[in-house]
Amino acid sequence: MTHPDTAAPELDGSASALDLAPTPLDVLRDVFGYDSFRGDQQDIIETVAGGNDALVLMPTGGGKSLCYQIPALVRQGTGVVISPLIALMQDQVDALEALGVRAGFLNSTQDADQRRQVEQAYRSGELDLLYLAPERLGVESTARLLDQGTIALFAIDEAHCVSQWGHDFRPDYLRLGALAERWPGVPRIALTATATQHTREEIAERLGLVQARHFVASFDRPNITYRVAPKDSPFKQLLNLLRTEHEGDAGIVYCLSRASVEKTAQQLTEQGIRALPYHAGLPAQVRAANQATFLREDGVVMVATIAFGMGIDKPDVRFVAHLDLPKSVEGYYQETGRAGRDGLPSTAWLAYGLADVVQQRKMIAESEGDLAHRRRLSSHLDAMLALCETVECRRAQLLRYFGQEHPGACGACDTCQNPPEAWDGTVAAQKLLSAVFRLDRERNQRFGVGHVVDILRGKATPKITQWSHDELTVFGVGEDLSDGEWRSVARQLLAQGLLEVDSNHGTLLLTEDSGEVLGRRREVRMRRDPAPAAGARRQARPGGAKAEAVALSDADQEVFERLRAWRAAAAKEQGVPAYVVFHDATLRTVATERPGDLDALSGISGVGQAKLERYGEGILGALHSPE
Ligand code: ADP
Ligand code: ZN
4 MTHPDTAAPE
14 LDGSASALDL
24 APTPLDVLRD
34 VFGYDSFRGD
44 QQDIIETVAG
54 GNDALVLMPT
64 GGGKSLCYQI
74 PALVRQGTGV
84 VISPLIALMQ
94 DQVDALEALG
104 VRAGFLNSTQ
114 DADQRRQVEQ
124 AYRSGELDLL
134 YLAPERLGVE
144 STARLLDQGT
154 IALFAIDEAH
164 CVSQWGHDFR
174 PDYLRLGALA
184 ERWPGVPRIA
194 LTATATQHTR
204 EEIAERLGLV
214 QARHFVASFD
224 RPNITYRVAP
234 KDSPFKQLLN
244 LLRTEHEGDA
254 GIVYCLSRAS
264 VEKTAQQLTE
274 QGIRALPYHA
284 GLPAQVRAAN
294 QATFLREDGV
304 VMVATIAFGM
314 GIDKPDVRFV
324 AHLDLPKSVE
334 GYYQETGRAG
344 RDGLPSTAWL
354 AYGLADVVQQ
364 RKMIAESEGD
374 LAHRRRLSSH
384 LDAMLALCET
394 VECRRAQLLR
404 YFGQEHPGAC
414 GACDTCQNPP
424 EAWDGTVAAQ
434 KLLSAVFRLD
444 RERNQRFGVG
454 HVVDILRGKA
464 TPKITQWSHD
474 ELTVFGVGED
484 LSDGEWRSVA
494 RQLLAQGLLE
504 VDSNHGTLLL
514 TEDSGEVLGR
524 RREVRMRRDP
534 APAAGARRQA
544 RPGGAKAEAV
554 ALSDADQEVF
564 ERLRAWRAAA
574 AKEQGVPAYV
584 VFHDATLRTV
594 ATERPGDLDA
604 LSGISGVGQA
614 KLERYGEGIL
624 GALHSPE
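Numbering (my numbering), first residue to last: 4 to 630.
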């Protein structure tokens, strides 16, 4: 089965001659309880089940796991899954066992006894799937163990970890290129949600996936509504979002610094919201415990640095909020992508303001590394800023960044729902830049944004009188705009590279390009920030998200809550995350369709055979019990 050409006949042979192996569709229906494949799933599954290699780029929530789990179930032997996420292996195995799939893992968290049991199960062919940490494969004893059983396939999850330029790089991934040499007949499938062409090429090269078919899905996440709010008082804005749109929902709040993580988590807790902190500075046990609580319980808010999130496959994260500007569009996409894996409407919300631009430019200026490195950071930031400042559909711009076309007018981003006005900011830009120029020239003293705005607005503050800035020709020329509008002008000039901030003093400076504006050789287009807390933001749910579900009626909502309570108890009893029992999407369908018996229940998406047996009576009981 080494060569792709010989692989297909072998699949046909084994399927018809043995007549035992279920088809992928059988497995999808009986084991997972789903009706049909999504997107490229079927093609991918057939490719791998047929003994060929595949490279899969699919967004989070796209359904990557089935792409290796089903081939592992239809092929002889055990599917070996390489994953960097040791802390999540137990949950992954629990979720599979709840489906009646025989699964195990080997990693450093186990004692010798536990390990021996799993090894024995593998040798005797009792495992459908075996999860391995990448460093295990470097150990000769692991390789010998694998030789003592039958390997159905290798799945390399989070394959972008092989990329040395990404922030998820794991040196052990580099060794995975050798899999093909040691086990030439075993098909390999590499999967990632990282979208760039560059990463894809790097994965193929480093993992030696020469013959692999590439499957690149659309990176659109139609159920996520993207919103960027002008940052004004961020905590209040966040609280408003949680209270008006996401009461009781699970979500992630990303902050840049550890200190702001802790502070925000505490503030939320004081407001009666169940919030937990997560950052690399916390002791490992605290981190693990907080992560487990977030995964296991309903409605927990995780406040975290970007150290949190890779591989978190909690399906019902309803919102991802950024209190600080992400450093790149890739990061933004990955972090927001953790919302709504289950396909239900979810929110990606970002608060963004002048101080973010100043802070990030400063961090880049001070960062270690050569000029080329700083340039790369700058260009990543510029793309992120362009996304924040756009007056066009954010989804279209986001996808264009990853080289995918989208017609725009998505209806589920803030610029589509509440179109910002574009305006000709050339004159305003000239005023602000010339104020900066004058301060710089005449006094050899530099001043921050607040002072510049005071000059433009003609305010005789003590500082202005002290420096006689009321004598400048630009004093009071900007009374037509408010303080907030001038700050927005400054922010957009910074974002467009027409103004910069001195990293030592935080004061404003002109750039090489500023001269073009001052010399009237360049127009400056600007976006008028919508007023904060505008009406559209107060909707109960983002209306435009093209999700599979619509809002539940009050009666159904009540039933749904009852099912959730039942699920929480069942999950607790078995020590597994709530979503391992049933996903929200399944509970919602049960709440609306109200199946009367097991047979009707089995027709609902997400209810496979094992779950029907294990939970069928329980959920029907909860459904039909009067409170
Ligand atoms: P990924 O690993 O790509 O982020 P998952 O494999 O976790 O995505 O799948 C996302 C969600 O979609 C899961 O809840 C999964 O059970 C569900 N899912 C996957 N494939 C299908 C399908 N064909 N039909 C219905 N639901 C599916
Ligand atoms: Zn849009």
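Yeah, the Cβ is synthetic: ideal placement off N, Cα and C, and Gly gets one too.
These numbers were taken from a predicted model, which means no experiment stands behind them.
Does DSSP put residue i in a helix, a strand or coil?
| i | result |
| --- | --- |
| glutamate 408 | coil |
| phenylalanine 238 | helix |
| leucine 615 | helix |
| valine 332 | helix |
| glutamate 503 | strand |
| isoleucine 276 | coil |
| alanine 283 | coil |
| leucine 512 | strand |
| histidine 249 | coil |
| threonine 112 | coil |
| leucine 244 | helix |
| leucine 459 | helix |
| leucine 259 | coil |
| proline 598 | coil |
| tyrosine 2 | Nothing about residue 2 can be read from this structure; the chain reaches only from 4 to 630. |
| arginine 567 | helix |
| tyrosine 71 | helix |
| histidine 217 | strand |
| proline 233 | strand |
| glycine 624 | helix |
| valine 306 | strand |
| threonine 267 | helix |
| tyrosine 582 | helix |
| arginine 2 | The structure shown does not extend to residue 2, since the chain is modelled only from 4 to 630, so the question has no answer here. |
| leucine 28 | helix |
| isoleucine 192 | strand |
| threonine 228 | strand |
| valine 51 | helix |
| threonine 464 | coil |
Taking all protein chains shown into account, do 16 or more other C-beta atoms lie within 10 angstroms of the C-beta of residue i, making it buried, or fewer, making it exposed?
| i | result |
| --- | --- |
| alanine 232 | buried |
| phenylalanine 297 | buried |
| threonine 112 | exposed |
| alanine 155 | buried |
| glycine 611 | buried |
| histidine 325 | buried |
| valine 142 | exposed |
| proline 422 | exposed |
| valine 480 | buried |
| glycine 606 | exposed |
| histidine 376 | exposed |
| arginine 185 | exposed |
Apart from the five residues on each side of it in sequence, which residues of its chain come closer than 7 Å, Cβ to Cβ, to residue i?
| i | result |
| --- | --- |
| histidine 282 | Arg261, Val264, Ala307, Thr308 and Ala310 |
| arginine 567 | Asp301 and Leu590 |
| glutamine 270 | Phe238 |
| alanine 220 | Gly42, Asp43, Leu60, Met61, Pro62 and Gly65 |
| arginine 78 | Ala52, Ala155 and Leu156 |
Thinking C-beta only, is residue j closer than 7 Å to residue i?
| i | j | result |
| --- | --- | --- |
| proline 280 | alanine 268 | yes |
| serine 349 | isoleucine 206 | no |
| glycine 152 | arginine 173 | no |
| leucine 244 | tryptophan 352 | yes |
| alanine 399 | histidine 409 | yes |
| methionine 661 | isoleucine 255 | The chain is shown from 4 up to 630; residue 661 falls before or after that span and cannot be answered. |
| valine 361 | alanine 498 | no |
| tyrosine 355 | leucine 374 | no |
| alanine 425 | arginine 528 | yes |
| alanine 613 | leucine 102 | yes |
| tyrosine 229 | glutamate 338 | no |
| leucine 76 | valine 30 | yes |
| arginine 341 | valine 323 | yes |
Only counting the same chain, and skipping five residues up and downstream in sequence, which positions put a Cβ closer than 6 Å to that of residue i?
| i | result |
| --- | --- |
| threonine 50 | Ala57 and Arg216 |
| glycine 334 | none |
| arginine 525 | Glu519 |
| isoleucine 192 | Val51, Ala57, Tyr71 and Ala158 |
| proline 74 | Ile48, Val51, Ala52 and Leu156 |
Excluding the five sequence neighbours on either side, which residues of its own chain have a C-beta within less than 8 Å of the C-beta of residue i, listed in chain order?
| i | result |
| --- | --- |
| aspartate 46 | Phe218 |
Check your understanding: At which residue ranges does the stretch 386-440 contain complete beta strand (DSSP E) runs of 3 or more residues, listed in the order of the chain?
Key -> 425-427
Check your understanding: For the stretch 139-176, which segments carrying the beta strand (DSSP E) assignment without a break, of at least 3 residues, lie completely within its bounds, in sequence order?
Key -> 154-159
Review point. Which full runs of the alpha helix (DSSP H) of 4+ residues lie inside the stretch 319-373, going along the chain?
Key: 332-339 and 357-369
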